[in-house]
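> In this text, residue positions in the sequence shown follow the numbering used here: the first is 1, and each later residue adds one.
Don't be surprised by glycine CBs; every beta carbon is placed ideally from N, CA and C.
My structure is below; once you've seen it, I'll send some questions.
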Amino acid sequence: MKIPFGLVLVGTLACFGSFAQAAPCLDVTLTGTQGGPPVFKGQAGAGTLVRFGDSETGCSDLMLQFDTGRGTTQQLSKLGVPVGKLTAVFFTHIHSDHSEGLIDVAQLRWHFNSGGPKLDMVCSADSASPAGHSMSCTKYAAAIGDAMIASGEMAQRLAENPKRLPGGPADLLNVMTFEPANNAAVVWSSGDVTVSAIRSTHVPGHASYRVDTPAGSVVIGGDAGNDARKPPRASSTSAQVEDLAKGADILVHSVIHPVMGPDGSSGFPPPIYFRQSTATDLGALSQRAGVGHLMLTHLIPPLGAPRQGPYPIEGGGLTEANYIDAVRDGGFEGDVTVGSDLANYRIIAE
Ligand SMILES: [Zn+2]
Numbered sequence: 001m002k003i004p005f006g007l008v009l010v011g012t013l014a015c016f017g018s019f020a021q022a023a024p025c026l027d028v029t030l031t032g033t034q035g036g037p038p039v040f041k042g043q044a045g046a047g048t049l050v051r052f053g054d055s056e057t058g059c060s061d062l063m064l065q066f067d068t069g070r071g072t073t074q075q076l077s078k079l080g081v082p083v084g085k086l087t088a089v090f091f092t093h094i095h096s097d098h099s100e101g102l103i104d105v106a107q108l109r110w111h112f113n114s115g116g117p118k119l120d121m122v123c124s125a126d127s128a129s130p131a132g133h134s135m136s137c138t139k140y141a142a143a144i145g146d147a148m149i150a151s152g153e154m155a156q157r158l159a160e161n162p163k164r165l166p167g168g169p170a171d172l173l174n175v176m177t178f179e180p181a182n183n184a185a186v187v188w189s190s191g192d193v194t195v196s197a198i199r200s201t202h203v204p205g206h207a208s209y210r211v212d213t214p215a216g217s218v219v220i221g222g223d224a225g226n227d228a229r230k231p232p233r234a235s236s237t238s239a240q241v242e243d244l245a246k247g248a249d250i251l252v253h254s255v256i257h258p259v260m261g262p263d264g265s266s267g268f269p270p271p272i273y274f275r276q277s278t279a280t281d282l283g284a285l286s287q288r289a290g291v292g293h294l295m296l297t298h299l300i301p302p303l304g305a306p307r308q309g310p311y312p313i314e315g316g317g318l319t320e321a322n323y324i325d326a327v328r329d330g331g332f333e334g335d336v337t338v339g340s341d342l343a344n345y346r347i348i349a350e
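Listed below in structure tokens is the structure:
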């Protein structure tokens, strides 16, 4: 028996679930595809929304956000996802282009959802760099409202509504850290859904994730690159991500086009080029790992961009075909999405 769509919208799942022709459903949406700190034509910063639920009820019982680049709240609003409904956020690393949108997410939750629930924030434990600094997701979370507290904004909002939490938005973040390792370990779970993480190389504390659900699986590589930071090496991709991606239905991964490499004329700094995965090597990884669908995101350079930040692109801009050709050069025969903001891939279990 089919339930009319409107009833499902207004009813509770418990009441109607036993009648619905429901199937487990996994929805993967690129909330932002900008590669690195530049802004190009309004693209949002890096982020991926993974939703899981019943196909009959919009596939949205769990809403897991991986990275929160610039503009994440606007992108979620286009999908009809209020930040108060996010279940958890996960960070591959805390470079600003992957994390700055959390300030807005947390501020909004504090403003309208101070009564809770807290937002799980899953990330690496503090990681020391050989250069002497340390990258700390915990400190980022603790300081998330500091500018607004310093300006008096929060005191003014609190005076209007004392039900808001006095400590500001940091009080609504439930930070859950883990020590990333070469072998995958479960770092978060809910019901039948597990999220595992591994260590990967980019900056200290970088991690990549895999979400396993009854509908399918998705790996979020982030900005992972090879442990050998420059050639000679077999690949620019991460061996740990390859392990994590074995048999995955979907791989979402940041990509750099070979045109930015030292053989080209862009002048892009080689160490920055070498710490990303190239489109060609991601194609090869996906083929070896048996990935079903490769979603390229965090494109360096963006489609059609005449430059990446200050670095000019040979020929004036790349096309979708340029990226796909590079992936096919790596031997991948599966489906490829060259990511644009809000690109989506859904799997409904048979
Ligand atoms: Zn990045």
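With a threshold of 7 Å (Cβ to nearest heavy atom), would residue 206 be considered close to ligand 1?
What you label residue 206 is simply residue 206 of the sequence shown in a count that begins at 1. Every heavy atom of ligand 1 is 7 Å or more from the Cβ of residue 206, so no.
> Check residue 282 in the structure and name its three-state DSSP category.
To locate residue 282, count along the sequence shown from 1; it is residue 282. Three-state result, residue 282: helix.
> Would you decide whether residue 206 is buried or exposed? Buried here means 16 or more other CB atoms lie within 10 Å of its CB.
Along the sequence shown, read from residue 1 onward, the residue named residue 206 stands at position 206. Buried, because 16 or more other Cβ atoms sit within 10 Å of the Cβ of residue 206.
> Taking the CB atoms as reference points, tell me whether residue 195 and residue 211 lie closer together than 8 Å.
As a first step, residue 195 must be located in the sequence shown, where it is residue number 195. As a first step, residue 211 must be located in the sequence shown, where it is residue number 211. Yes, the pair counts as a contact, with Cβ atoms nearer than the cut-off.
> Here's the rule I'm using: 16 or more other beta-carbon atoms within 10 Å means buried, otherwise exposed. How should residue 266 be labelled?
Residue numbering aside, residue 266 sits at position 266 when the sequence shown is read from its first letter. It is buried - the Cβ of residue 266 has at least 16 other Cβ atoms within 10 Å.
> Under the three-state reduction of DSSP, which class applies to residue 15: helix, strand or coil?
Position 15 of the sequence shown, counted from the start, is the residue given in the question as residue 15. Unreliable positioning characterises residue 15 in this predicted model, as indicated by a pLDDT of 36, which lies under 50. A coordinate reading is not provided.
> Would you kindly report the start and end of the unbroken alpha helix (DSSP H) that includes residue 114?
Taking the sequence shown and counting its residues from 1, the one referred to as residue 114 is at position 114. Element bounds for residue 114: n/a, residue is neither H nor E.
> Kindly give me the distance between the Cβ atoms of residue 241 and residue 221, rounded to whole angstroms, as I take these residues to be in contact under 8 Å.
In the sequence shown, residue 241 corresponds to position 241, counting from 1. In the sequence shown, residue 221 corresponds to position 221, counting from 1. Indeed they touch by this definition, with Cβ atoms about 5 Å apart.
> Hey, out of 259, 304, 190, 88, whose CA is closest to residue 47's CA?
Position 47 of the sequence shown holds residue 47. The shortest Cα separation from residue 47 among 259, 304, 190, 88 belongs to 88.
> Identify, in the order they occur along the chain, each residue of the same chain with its Cβ nearer than 7 Å to the Cβ of residue 112, setting aside the five sequence neighbours on each side.
Position 112 of the sequence shown holds residue 112. Correct list, in chain order: 84.
> Grab me the residues of residue 33's own chain with a C-beta within less than 8 Å of its C-beta, minus the 5 sequence neighbours each way, in chain order.
Counting from one through the sequence shown, the residue named residue 33 turns up at place 33. Cβ neighbours of residue 33 beyond the five flanking positions: 43, 44, 46, 297, 298, 299, 302, 339, 340, 341, 343.
> Identify the continuous beta strand (DSSP E) that holds residue 24 and give its terminal residues.
Start at 1 with the first residue of the sequence shown, and residue 24 comes out as number 24. It spans 24 to 32 - the beta strand (DSSP E) in which residue 24 sits, taken as one unbroken run.
> Would you list the residues whose beta-carbon is nearer than 7 Å to any heavy atom of ligand 1, in the order they occur in the chain?
Those residues are 35, 36, 46, 95, 97, 98, 223, 254, 298, given in chain order.
> Determine contact between the stretch 148 to 168 and the stretch 236 to 250, defined as no fewer than three beta-carbon pairs at a distance below 8 Å.
Output reads no: the stretch 236 to 250 does not touch the stretch 148 to 168.
> Within a Cβ cutoff of 6 Å, which residues of the same chain sit near residue 6, ignoring the five residues on either side of it in sequence?
Counting from 1 along the sequence shown, the entry for residue 6 is found at position 6. Residue confidence is low: residue 6 scores 31 on pLDDT, short of 50, so the model does not pin down where it sits. No coordinate-derived value is stated.
> Find out if the Cβ-Cβ distance for the pair residue 133, residue 203 is shorter than 8 Å.
In the sequence shown, residue 133 corresponds to position 133, counting from 1. In the sequence shown, residue 203 corresponds to position 203, counting from 1. Their beta carbons are not under 8 Å apart, which means residue 133 does not touch residue 203 by this criterion.
> Work out the CA separation of residue 276 and residue 165 for me, nearest whole Å.
As a working mapping, residue 165 is identified with position 165 in the sequence shown. As a working mapping, residue 276 is identified with position 276 in the sequence shown. So the alpha carbons of these two residues sit roughly 40 Å apart.
> Just tell me which of 278, 217, 230, 226 has its CA closest to the CA of residue 245.
The residue you call residue 245 lines up with position 245 of the sequence shown. The shortest Cα separation from residue 245 among 278, 217, 230, 226 belongs to 217.
> Is the beta carbon of residue 281 closer than 8 Å to that of residue 93?
By 1-based counting over the sequence shown, the position of residue 93 is 93. By 1-based counting over the sequence shown, the position of residue 281 is 281. No, these two residues do not count as a Cβ contact at 8 Å.
> Leaving aside the five residues before and after residue 49 along the sequence, list all residues of the same chain whose C-beta is less than 6 Å from its C-beta, in chain order.
Taking the first residue of the sequence shown as 1, we reach residue 49 at position 49. These residues qualify, in order along the chain: 29, 31, 65.
> Ignore the nearest five residues each way along the sequence and tell me which others in residue 337's own chain have a CB closer than 6 Å to its CB.
On the sequence shown, position 337 is the one that residue 337 refers to. Closer than 6 Å at the Cβ level, and outside the excluded window around residue 337, lie 295, 343.
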